[in-house]
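For reference, the structure is listed below as structure tokens.
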Amino acid sequence: QVQLVESGGGLVQAGGSLRLSCTASRNIFSFDTMGWYRQAPGKQRALVADISYGGNTNYADSVKGRFTISRDVAKNTMYLQMNSLKPDDTAVYYCKAKLVIDIEYWGQGTPVTVSS
82 QVQLVESGGG
92 LVQAGGSLRL
102 SCTASRNIFS
112 FDTMGWYRQA
122 PGKQRALVAD
132 ISYGGNTNYA
142 DSVKGRFTIS
152 RDVAKNTMYL
162 QMNSLKPDDT
172 AVYYCKAKLV
182 IDIEYWGQGT
192 PVTVSS
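Numbering (our numbering), first residue to last: 82 to 197.
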């Protein structure tokens, strides 16, 4: 069983920055893709950004130019650097890891609140 543990969420003012971390219980190179998703109150969970085994990245239009996804294989950790935060970024942020055989694992989520 794979465990994903997120950290780094919190309360920040609009325009501020946060860095989220997702640490896996196994080598992250064993995953086909890893990604960050978010779910705001009353809304469906949606992709924020993901990164493939080969390092290709993909971002939701709403965060392009403000968020950066990265990883540190030696630490089995994926990151999401969030800059120029807006109140609309307020959500619970989840880490997901997917194996090639389409098995997915989710973290427990970390809340991010951006005040105006």
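Beta carbons are placed, not taken as given, at the ideal position from N, Cα and C, and that holds for glycine.
Determine which residues share a DSSP beta bridge with residue i and list them.
{"i": "A172", "result": "V193"}
{"i": "V181", "result": "Paired residue(s): none; V181 is not in a bridge."}
{"i": "Y203", "result": "Summary: the structure shown does not reach residue 203, with the chain confined to residues 82 through 197, and so no result is reported for it."}
Check for me: the beta strand (DSSP E) holding residue i runs from which residue to which?
{"i": "D153", "result": "148-153"}
{"i": "Q125", "result": "Run containing Q125: none; DSSP gives neither H nor E here."}
{"i": "L166", "result": "First-last for L166: undefined, no H or E at that position."}
Tell me, to the nearest whole angstrom, how far the beta carbon of residue i is from that of residue j; I am working on the premise that it is less than 8 Å.
{"i": "A130", "j": "G146", "result": "Rounded, the Cβ-Cβ distance is 12 Å, inconsistent with contact."}
{"i": "E87", "j": "Y160", "result": "Contact doesn't hold; Cβ gap of about 11 Å is too wide."}
{"i": "V154", "j": "F110", "result": "6 Å"}
I'd like to confirm something about residue i: is its beta-carbon nearer than 7 Å to some heavy atom of the ligand GTP, or not?
{"i": "V195", "result": "Absence of the ligand GTP is noted for the structure shown, with no ligands found whatsoever."}
Are at least three pairs of beta-carbons, each pair with one atom in the segment 100-116 and one in the segment 151-165, less than 8 Å apart?
yes
I'd like to know if the segment 188-195 and the segment 128-142 are in contact, where contact means that at least 3 CB-CB pairs between them fall below 8 Å.
no
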